[in-house]
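Enquirer:
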Amino acid sequence: MITTLSDFNIRHLNTFRMNVSVGKLIEYTSATDLPAVFLEVGDAPYLSIGAGSNLLFLGDYPGVLLHSGILDIEMVNESDSTVLVRAGSGIEMDKLIEQTCQGGLWGLENLSGIPGEVGASAVQNVGAYGVEVKDVIKEVECYDTLEKRFVVMPVSECHYGYRTSVFKRPDLKNRYVITHVTYRLSRFPCPVLTYGNLKSRFAIGETLTPEMIRNTIRSIRDEKLPSVELFGSAGSFFKNPVVSQTDYDSFVNRIADIFGQEIVPPAYKVNDRYKLSAAWLIDQTGLKGLSHKGAATWHTQPLVIINKSGKASPSDILELETIIIRKVQDLFGITLSPEVEHIYPTFQS
Ligand code: EPU
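Basically my numbering = 1-based index in the sequence shown + 132.
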């Protein structure tokens with residue numbers, strides 16, 4: 133079924149809770165609706181979104197917003213140890229995870245509490261607590277808007293990286309509309325407890341279930357991250373910067389000059405590069421908890437920018453973003469890049 137709404141306010145379709153409207157919102161409930169949806173879109177500019185949990189609308193969007201309402205879930209045994217879970221792109225990721233954890237299936241539990249829907253999470257390669265969704269994706273089904281046919285992309289063709297995929301490549305952006313994602317989950321325990329002090333939350337030798345890990349992750353997130361019911365936000369606003377060995381060495385020297393040798397900044401080696409902590413960098417600039425007009429950085433996780441007043445304008449958020457980037461750049465020589473996608477009121481995005 134296809135539903136079309138014109139000049140529609142999408143406050144409920146962006147987790148920053150911005151009061152912006154779109155020229156047209158088209159929601160569809162089946163993959164087979166897509167050819168007709170694109171006949172309706174015609175030559176108009178369009179944007180496919182999930183729950184809008186990683187978007188910052190910088191004003192009214194005059195084009196067409198497409199939103200999947202594909203909600204079917206199918207689970208089939210692949211082998212004695214693995215189950216394939218095929219989920220519609222419009223399903224809330226956390227609802228799916230609740231279901232797979234209740235079913236005793238391993239693989240998605242560390243991603244509990246991540247806002248967003250199945251389709252968008254496969255575009256963004258969402259990750260948390262040592263797991264990225266790519267680790268359990270088998271394949272992604274899409275409608276190819278150029279060739280006007282349905283395609284199945286095995287995970288190897290999705291070119292996943294840190295918060296990126298083939299679906300974000302500038303030349304392919306908007307070409308594929310994800311309809312379903314198939315995950316390969318395990319019946320046998322395979323807990324991932326490598327992140328931070330996650331392991332210390334469980335007793336040594338304790339028999340774990342996916343639900344136990346889910347509950348623990350949810351309470352860690354509740355301690356650190358703002359609830360979207362209370363404050364609009366888009367989770368981490370910035371990506372953790374990944375730098376070369378040379379840039380890492382100059383960064384470490386700069387830290388030693390500023391703070392003295394005893395400060396060791398958090399950093400993780402990823403192949404021949406270093407992933408730095410954007411939260412730490414922002415924290416050290418003293419911008420944690422800073423309010424700027426209607427926006428603020430979250431007081432326990434400064435990587436998150438919130439709509440503090442509930443009435444923050446896009447420019448309040450944009451100005452705070454600029455303040456943070458400049459200050460981190462001035463102090464540490466590191467340029468932060470937003471993880472949140474900026475949607476411009478014109479058609480430049
Ligand atoms: N830190 C500080 N000050 C703070 C908070 C954190 O210095 O106030 C430092 C600490 O050193 C801490 C480190 O930052 O050890 C890392 O913090 P955290 O564990 O919260 O992780 P993160 O790197 O800041 C990433 C993801 C989050 C994900 C967490 C947990 C990105 C951009 N963000 O944050 O994802 O939940 O790891 O795995 O990679 C999201 O993408 O929206 C998101 C919330």
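We put the beta carbon where it would ideally sit given N, CA and C, even for glycine.
Quick one: Cα of residue 143 to Cα of residue 286, how far?
Expert: Computed Cα separation, rounded: 34 Å.
Enquirer: Is residue 406 near ligand 2, in the sense that its beta carbon is under 8 Å from a heavy atom of that ligand?
Expert: By its list of ligands, the structure shown excludes ligand 2, since it contains just ligand 1.
Enquirer: Along the chain, which unbroken stretches of the beta strand (DSSP E) at least 3 residues long are found entirely within the stretch 335-391?
Expert: Qualifying beta strand (DSSP E) stretches, in chain order: 364-368.
Enquirer: Do you know how far the Cα of residue 178 is from the Cα of residue 309?
Expert: Approximately 11 Å, taken between the alpha carbons.
Enquirer: Tell me whether residue 311 is buried or exposed, calling it buried when 16 or more other Cβ atoms sit within 10 Å of its Cβ.
Expert: When all chains shown are included, residue 311 counts as buried.
Enquirer: Can you say whether residue 133 is buried or exposed, counting buried as having 16 or more other CB atoms within 10 angstroms of its CB?
Expert: Residue 133 should be labelled exposed.
Enquirer: Name the DSSP bridge partner or partners of residue 302?
Expert: According to DSSP, which records beta bridges pairwise, residue 302 is partnered with nothing at all.
Enquirer: Tell me, to the nearest whole angstrom, how far the beta carbon of residue 482 is from that of residue 237; I am working on the premise that it is less than 8 Å.
Expert: The requested residue 482 does not occur in the structure, where the chain is confined to residues 133 to 481.
Enquirer: Which stretch, first to last residue, makes up the alpha helix (DSSP H) that contains residue 447?
Expert: Here the alpha helix (DSSP H) through residue 447 covers 446-464.
Enquirer: Just checking, does the stretch 168-183 make contact with the stretch 237-250 on the three C-beta pairs under 8 Å criterion?
Expert: The stretch 168-183, when compared against the stretch 237-250, does touch it at the 8 Å Cβ threshold.
Enquirer: To test your reading of the DSSP string, which unbroken alpha helix (DSSP H) runs of 4 or more residues are found completely within the stretch 171-213?
Expert: Taking only runs of at least 4 residues, no alpha helix (DSSP H) segment lies wholly in the stretch 171-213.
Enquirer: Taking Cβ positions, are residue 354 and residue 377 nearer each other than 9 Å?
Expert: No, the Cβ-Cβ distance between residue 354 and residue 377 is not below 9 Å.
Enquirer: In whole angstroms, give me the CA-to-CA distance for residue 481 and residue 400.
Expert: Note that residue 481 scores 44 on pLDDT, short of 50, meaning its location in the model is unreliable; the coordinates nonetheless yield the value given after this. Answer to the nearest angstrom: the Cα atoms are 32 Å apart.
Enquirer: Is residue 358 near ligand 1, with its Cβ less than 8 Å from a heavy atom?
Expert: No, the beta carbon of residue 358 sits no closer than 8 Å to any heavy atom of ligand 1.
Enquirer: From the DSSP output, which residues share a beta bridge with residue 140?
Expert: Partner(s): 154.
Enquirer: Counting pairs of Cβ atoms below 8 Å between the stretch 357-370 and the stretch 451-470, do you hit three or more?
Expert: Touching, yes.
Enquirer: Using the beta-carbon count (16 or more within 10 Å), is residue 472 buried or exposed?
Expert: Per the 10 Å Cβ criterion, buried.
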